[in-house]
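Student: One gets this note's numbering by counting positions in the sequence shown from 1 and adding 573 to each. Backbone N, C-alpha and C fix where the C-beta goes; we use that ideal spot for every residue, glycine too. Below are the structure tokens for one structure; questions will follow.
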Amino acid sequence: MMIRQIIFDLDGTLVDSLETFIKIGNEMAEKYGYESLNAEKIKELLALPMKKRIESLKIPIYKLPKMGIEALGTYNSYAAQDKPIKGVKEMLECLHEKGYRLSIISSNSLNNIHTFLKVNELDLFDNIQSSKGLFGKHITIGKLISKLRVKKDQVIYIGDEQRDVEACKKIGIRVISVLWGFDSLELIKKAKPDFIVSEPNEIVEIIMNIK
574 MMIRQIIFDL DGTLVDSLET FIKIGNEMAE KYGYESLNAE KIKELLALPM KKRIESLKIP
634 IYKLPKMGIE ALGTYNSYAA QDKPIKGVKE MLECLHEKGY RLSIISSNSL NNIHTFLKVN
694 ELDLFDNIQS SKGLFGKHIT IGKLISKLRV KKDQVIYIGD EQRDVEACKK IGIRVISVLW
754 GFDSLELIKK AKPDFIVSEP NEIVEIIMNI K
């Protein structure tokens with residue numbers, strides 16, 4: 574069965590926001606007395622699964638929800654500045670023109686997502702959902718699929734993290750992992766997505782060839 578619905582992650586997949594989140598993270602580290610991040614530390618962290626990253630940063634789990642809300646609030650002042658990954662705008666426009674329905678599920682806030690899309694003239698999405706927490710994305714994906722009334726084999730998800738692949742496997746939909754995002758190639762391979770791409774235009778080719 575052909576793909577009808579394409580669900581995208583935002584940060585690291587569509588948006589080049591890693592440097593912004595590092596900047597925000599260092600501002601919060603200084604505020605709360607945690608270790609700041611340098612290039613070497615970032616490389617080390619991106620090779621670790623999310624739970625191991627949190628352990629490495631030595632941030633208590635119970636503080637994460639409050640700090641996450643604060644970080645997204647701070648990001649609001651940067652949302653209009655961050656740009657799409659090179660080739661992403663053309664890829665999205667191509668998929669939209671071919672009649673695919675496009676959605677976003679992101680742990681970023683709805684306000685930040687809408688700001689980014691508006692500034693970058695990417696008003697191509699039928700549904701935009703904010704996923705609460707770092708590990709509950711499968712629940713949000715499942716709810717969106719139910720809302721859209723599409724079969725699971727008509728849906729594909731595109732993300733840049735190991736946890737994106739894990740979320741898709743939990744609910745039984747196909748997933749494309751991109752290599753220009755937050756997680757390392759090693760982490761992505763361990764997660765075993767259905768497809769791995771290194772350029773946005775590869776996404777169009779893969780989706781059009783799924784029968």
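1) Bridge partners of Q702, per DSSP?
2) Who does P657 pair with in a DSSP beta bridge?
3) For my contact list, Q727 and Q578 are in at a C-beta cut-off of 8 Å; report their separation, rounded to the angstrom.
4) Please report the straight-line C-alpha distance between I634 and P622, rounded to a whole angstrom.
5) Using the beta-carbon count (16 or more within 10 Å), is D582 buried or exposed?
6) Out of F755, Y648, L752, which one is the CA nearest neighbour of I686?
7) Between the alpha carbons of I776 and C667, how many angstroms are there, rounded?
8) Roughly how many whole angstroms lie between the Cα atoms of K725 and R747?
9) Going by C-alpha distance, which of D589, K656, V723, A644 is nearest E694?
10) Using DSSP with H/G/I as helix, E/B as strand and the rest coil, what is G646?
Tutor: Well, looking at it:
1) I678
2) V588
3) 6 Å
4) 15 Å
5) buried
6) Y648
7) 10 Å
8) 8 Å
9) K656
10) helix
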